[in-house]
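So for the sequence shown, our numbering puts the first residue at 22; every next one is plus one.
Written out below as structure tokens is the structure these notes cover.
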Amino acid sequence: MAENGAVALQKFQRGAYDLVFMDIQMPVMDGLQATTAIRQWEREQRRTPTPIVALTANAFKEEVDKILAAGCTAHVTKPIKKKTLLTTTTHYAIRSAGKAA
Numbered sequence: 022m023a024e025n026g027a028v029a030l031q032k033f034q035r036g037a038y039d040l041v042f043m044d045i046q047m048p049v050m051d052g053l054q055a056t057t058a059i060r061q062w063e064r065e066q067r068r069t070p071t072p073i074v075a076l077t078a079n080a081f082k083e084e085v086d087k088i089l090a091a092g093c094t095a096h097v098t099k100p101i102k103k104k105t106l107l108t109t110t111t112h113y114a115i116r117s118a119g120k121a122a
């Protein structure tokens, strides 16, 4: 858990994650900026992109387009339902397991 986008970026660079849930509205560095920075860092490090799922209360097409353009893999609208969280996590866990095989 990161309290802002800058901390999220630092944690990502220091850890190994199979999936990232990124809140779009955060202080210091928002989720779009953090995602863009993560994608840049992954390219520089020649890493396979980690799935990043944006969490946003705004589901308008323009916002979703910005989210995807920043490098997010998908988006989930807040408030998040338990079933949606489990389905999303399972989807990317299965994809990750398939790549590891």
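Positions of the beta carbon are idealized from the N, C-alpha and C atoms, including for glycine.
Contact check for N79 and M50: beta-carbon distance about 18 Å, past the 8 Å limit, so the pair fails to qualify.
Using a 10 angstroms sphere on the CB of F33, the tally of other CB atoms reaches 16 or more, which defines it as buried. Ranked by Cα distance from T110, the options A29, R64, Y38 and E63 are led by Y38.
In the assembly as shown, M22 is an exposed residue. Its beta-carbon has fewer than 16 other beta-carbons within 10 Å. Under the three-state reduction of DSSP output, F81 falls in the coil class, being neither helix nor strand.
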